[in-house]
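Number 555 marks the last residue of the first sequence (numbering that gives the first Met the number 0); no jumps.
Glycine included, C-beta positions come from ideal geometry on N, C-alpha and C.
Everything on this sheet refers to the single structure shown next.
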Amino acid sequence: MSTPPAPTNFIEEIIVEDLESGKHGGRIHTRFPPEPNGYLHIGHAKAITISFEMAKKYGGRTNLRMDDTNPTTEETHYVDMIKNDIKWLGYEWEDEVLYTSDYFPQLYAFAQDLIRKGYAYVDDSTAEEIAEQKGDIGVPGTNSPYRDRSPEENLALFEGMKNGDFPDGSKVLRAKIDMAHPNLLLRDPVLYRIKHEAHHRTGDEWCIYPLYDFAHGQSDSIEKITHSLCSLEFRHHRDLYNWLIEKLEIFPSRQIEFARMNVDYFITSKRRLKLLVDQGVVTGWDDPRLGTLAGMRRKGYPAEAIRNFCVDTGVAKRDNQQEFDLLEFKVREILNRDAHRYMAVLDPVKLVIENYPQGQVETLTIDNNPGDETAGTHEMPFSRELLVEREDFSKEPQGRKYYRLAPGKDVRLKGGYIVHCLGHEEDADGKVTQINCTYYPDSKSGEDTSGVKAKGTLHWVSAEHAVDIEVRQYDKLFTDPQPMNHEDKDFMEFINPDSLVTITAKGEPALGEISEGGQHFQFLRKGYYVSDPDSKPGHPVFNLTVGLKSSWKGKK
RNA sequence: AGACCUAUGGUGUAAUUGGCAACACAGCUGGUUUUGGUCCAGUCGUUCUAGGUUCGAGUCCUAGUAGGUCUACCA
0 MSTPPAPTNF
10 IEEIIVEDLE
20 SGKHGGRIHT
30 RFPPEPNGYL
40 HIGHAKAITI
50 SFEMAKKYGG
60 RTNLRMDDTN
70 PTTEETHYVD
80 MIKNDIKWLG
90 YEWEDEVLYT
100 SDYFPQLYAF
110 AQDLIRKGYA
120 YVDDSTAEEI
130 AEQKGDIGVP
140 GTNSPYRDRS
150 PEENLALFEG
160 MKNGDFPDGS
170 KVLRAKIDMA
180 HPNLLLRDPV
190 LYRIKHEAHH
200 RTGDEWCIYP
210 LYDFAHGQSD
220 SIEKITHSLC
230 SLEFRHHRDL
240 YNWLIEKLEI
250 FPSRQIEFAR
260 MNVDYFITSK
270 RRLKLLVDQG
280 VVTGWDDPRL
290 GTLAGMRRKG
300 YPAEAIRNFC
310 VDTGVAKRDN
320 QQEFDLLEFK
330 VREILNRDAH
340 RYMAVLDPVK
350 LVIENYPQGQ
360 VETLTIDNNP
370 GDETAGTHEM
380 PFSRELLVER
390 EDFSKEPQGR
400 KYYRLAPGKD
410 VRLKGGYIVH
420 CLGHEEDADG
430 KVTQINCTYY
440 PDSKSGEDTS
450 GVKAKGTLHW
460 VSAEHAVDIE
470 VRQYDKLFTD
480 PQPMNHEDKD
490 FMEFINPDSL
500 VTITAKGEPA
510 LGEISEGGQH
520 FQFLRKGYYV
530 SDPDSKPGHP
540 VFNLTVGLKS
550 SWKGKK
């Protein structure tokens, strides 16, 4: 066997150790176990990345398993969304999607085994009574009065539970461990509860359902998962995970916990996400302002960028808070490489080239990506009347490092000519209505013999040929990077009122052809944009993915 | 308060397992550029505290401090 790749974090160190010691015959098998009751978000992306990449790196496999043990909250709809999101992220699971619910018969048999061995009992206590029996942190609990029922009686009662002889909440199956254990989870945890409720896959077949602690580890074991990776809050569950594996004498999967990733401006709490959707703060679970996979996809974040972000932020056991800047860097990194450059003027003002022939239209060739020769070119019309960005003109520029339009300045129109700014016209309110220029006929891009030097280059569109495009200017959803970390204030108080500003902009003609979502562009000098699924023929819609980085401190 | 986990620049992650604390992002300077983008160069700044072991400690030991997790018939 060849030597395994060098580990880059503590989990990989464990994997390498296991590989070298020949544990499980050198087999590596991980799993991602979402509960199908909500949408996947950036935190899940981290978990997915860790489990899938780890297996990939060490020649292992990864299962996708729906952890569907609670019929009350789970729906098939979510299963479909989850599968779609994971595929989009770029991962393929082993074989078919697996379901914890497929193991219900096996889990039931495990429970019977536990009962026979004297490690579990049926308890008639109410939920409140069980809570009381738990004791408290640092205070031992008390035994349930039903704790010492015989295995025979327990077996019969448990079967009765399964057969629907008892109403919801009247009985539970509990592990018999230690009511004084310092880990509260080992104070006779509930293993099975009665729920006369239809399950999204097993229908009415069952009226008892296992709880997480009696389903998750057992499912890992059934699938012979070697390394079960989960987040830190499950640390205390590991003691129970191991106890059950030991008592059941089943395949010893190993649980390893890592710190989950937090990202500035993103909320990952299912409850809060739902609140934002229900209250109409955002338009849905796929709103581009949310940290859901569906939202980030709609915002134009490439899957590759999200994967890189998750991988490059590493794996450790301390709480972490990732800066939004890094995520945006990862997004720009991919988009700069891949996105084709087009021109769109967000806040247009007319620019007239006085010495350019009336009615003349030239077709100019624009590089799709100056950093990638293979990306090709596209054409756009140039004419006497153009539209340029209002902020690219100044009546009285401040400072000598001003490269844009101002009286007396020379500026290159990207892919076209250099123009000389003469002045402007304005309305009664002092608002600029037109910029007047002349152009240097021998300064055409690619064949410039004018000798004129223009420090600035601007984007533009031909007024006559430009098309209306709907542009959704997204900004961060919150005004605070960690809106839920304020003890005195609710996170809803930090909603950014300007997180979405919708405008009608002027795009170059080619943008008018866009009629479907998911196409990435760079609007020259403005930012990266993606066409939105709301786009219709004749009505293209673009979402701001991320702005271009700017080192210009003159404005904004 | 019991138990468990964690502590390295502004953020995050490394450090050949006891041997010159590095990489990325962010910030700041400058250069290139038909995007004030990209790219390139430079720069800023770090081992929670106190003891101890050792020729030598971010790493090992002790004590403290700080943060996190745990008392659902949720996962």
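Residues near G159 in its chain [Cβ-Cβ closer than 7 angstroms; skip 5 each side]: Against the first sequence, residue 159 aligns to sequence position 160. Excluding positions up to five away in sequence, the list reads F165.
Secondary structure of K555, DSSP reduced to three states: The residue you call residue 555 lines up with position 556 of the first sequence. Unreliable placement is indicated for K555, whose pLDDT of 40 sits below 50; no coordinate value is reported for it.
Give the DSSP bridge partners of F381, in chain order. As a working note, residue 381 is residue 382 in the first sequence. DSSP lists E361 as the beta-bridge partner residues of F381.
Straight-line Cα distance separating A179 from D497: Working through the first sequence from its first residue, we reach residue 497 at position 498. Working through the first sequence from its first residue, we reach residue 179 at position 180. If you take the alpha carbons of D497 and A179, they lie about 54 angstroms apart.
Rounded to whole angstroms, what is the Cα-Cα separation between V276 and P139? As a working note, residue 276 is residue 277 in the first sequence. As a working note, residue 139 is residue 140 in the first sequence. In a straight line, the C-alpha of V276 is about 42 angstroms away from that of P139.
Entirely within the stretch 33-106 and at least 4 residues each: give me those alpha helix (DSSP H) ranges in chain order. Whole alpha helix (DSSP H) segments, 4+ residues: 41-56, 75-88.
Look at the alpha carbon of Q321 and the alpha carbon of W551, and state the distance between them as a whole number of angstroms. Position 322 of the first sequence, counting from 1, holds the residue named residue 321. Position 552 of the first sequence, counting from 1, holds the residue named residue 551. Distance between the alpha carbons of Q321 and W551 is about 26 angstroms.
Which residue marks the beginning of the beta strand (DSSP E) containing M594, and which one marks its end? The shown model of the chain, from 0 to 555, leaves out residue 594, and the question about it has no answer.
Three-way DSSP call (helix, strand, coil) for C309 in this model: Position 310 of the first sequence, counted from the start, is the residue given in the question as residue 309. In this structure, C309 counts as helix in the three-state DSSP scheme.
L247 to G59 span [Cα, whole Å]: Residue mapping note: residue 247 aligns to position 248 of the first sequence, counting from 1. Residue mapping note: residue 59 aligns to position 60 of the first sequence, counting from 1. Going from the Cα of L247 to the Cα of G59 covers about 26 angstroms.
Where R148 and L274 are concerned, what is the direct C-alpha to C-alpha distance, given to the nearest angstrom? As a first step, residue 148 is located in the first sequence; it is residue number 149 there, counting from the start. As a first step, residue 274 is located in the first sequence; it is residue number 275 there, counting from the start. If you take the alpha carbons of R148 and L274, they lie about 45 angstroms apart.
Taking the DSSP output, what are the residues bridged to G202? Position 203 of the first sequence, counting from 1, holds the residue named residue 202. Paired residues: H198.
With respect to 7 angstroms, is the separation between the Cβ of E245 and the closest non-hydrogen atom of the ligand NAP below this value? As far as ligands go, the structure on display features none, and thus does not contain the ligand NAP.
CA-CA distance, R399 and L231? Stepping through the first sequence from its first residue, residue 399 is reached at position 400. Stepping through the first sequence from its first residue, residue 231 is reached at position 232. Each residue's Cα considered, the two are about 55 angstroms apart.
Quick check: the Cα distance between D66 and G546, rounded to an integer number of angstroms? For this step, residue 66 is matched to residue 67 along the first sequence. For this step, residue 546 is matched to residue 547 along the first sequence. Going from the Cα of D66 to the Cα of G546 covers about 39 angstroms.
Would E388 and L326 be called neighbours here (beta carbons separated by less than 8 angstroms)? Residue mapping note: residue 388 aligns to position 389 of the first sequence, counting from 1. Residue mapping note: residue 326 aligns to position 327 of the first sequence, counting from 1. It is not a contact, given that the beta carbons lie outside the stated cut-off.
May I have the straight-line CA-CA distance separating R259 from R317, to the nearest angstrom? Stepping through the first sequence from its first residue, residue 259 is reached at position 260. Stepping through the first sequence from its first residue, residue 317 is reached at position 318. Taking the straight line from one Cα to the other gives about 9 angstroms.
Using 8 angstroms as the cut-off, can you tell me whether the stretch 127-146 makes contact with the stretch 178-196, which would need three or more C-beta pairs spanning the two stretches below that distance? yes
Among the residues of its own chain, which have a CB less than 6 angstroms from the CB of V235, if the five just before and after it don't count? Counting from 1 along the first sequence, the entry for residue 235 is found at position 236. The displayed chain sequence assigns His, not Val, to residue 235. The residues are N182, L184.
Rounded C-alpha distance that separates F51 from V310: By one-based count along the first sequence, residue 51 stands at place 52. By one-based count along the first sequence, residue 310 stands at place 311. Cα to Cα, the separation comes out at about 11 angstroms.
Beta-carbon proximity of I47 to Y90, cut-off 8 angstroms: Position 48 of the first sequence holds residue 47. Position 91 of the first sequence holds residue 90. Yes, they are a contact pair.
6 angstroms Cβ shell around W459 - same chain, five flanking residues per side excluded: Within the first sequence, numbered from 1, the residue matching residue 459 stands at position 460. Excluding residues within five positions, the ones whose Cβ falls inside 6 angstroms are L385, V387, L412.
What does the Cβ neighbour count give for H76, buried or exposed, with the cut at 16 atoms within 10 Å? As a first step, residue 76 must be located in the first sequence, where it is residue number 77. Exposed: under 16 other Cβ atoms inside 10 Å.
Would DSSP call L476 helix, strand or coil? Residue mapping note: residue 476 aligns to position 477 of the first sequence, counting from 1. It is coil, neither helix nor strand.
Check each candidate in R270, D479, Y300 and name the one with the smallest Cα separation from D84. For the purposes of this step, residue 84 is taken as the residue at position 85 of the first sequence. The shortest C-alpha separation from D84 is found at Y300.
With which residues is N542 paired in a DSSP beta bridge? Here residue 542 refers to the residue found at position 543 of the first sequence. Looking at the DSSP assignment, N542 forms a beta bridge with R471, V529.
Determine the DSSP secondary structure at I27, reduced to helix, strand or coil. The residue you call residue 27 lines up with position 28 of the first sequence. It is coil, neither helix nor strand.
To which residues does DSSP link Y208 through a beta bridge? Taking the first sequence and counting its residues from 1, the one referred to as residue 208 is at position 209. Paired residues: R192.
For Y264 versus K475, is the C-beta distance shorter than 8 angstroms? Locating residue 264 in the first sequence gives position 265, where the first residue counts as 1. Locating residue 475 in the first sequence gives position 476, where the first residue counts as 1. Contact: yes.
Go to H235, then tell me how far its alpha helix (DSSP H) extends in each direction, as first and last residue. One-based indexing of the first sequence puts residue 235 at position 236. Segment 234-247, the alpha helix (DSSP H) holding H235.
Which partner residues does Q397 have in the DSSP bridge list? Walking along the first sequence from the start, residue 397 turns up at place 398. According to DSSP, which records beta bridges pairwise, Q397 is partnered with nothing at all.
Does the beta-carbon of P532 have 16 or more other beta-carbons within 10 angstroms, so that it is buried, or is it exposed? As a first step, residue 532 is located in the first sequence; it is residue number 533 there, counting from the start. The residue in question, P532, is exposed, as its Cβ has fewer than 16 Cβ neighbours within 10 Å.
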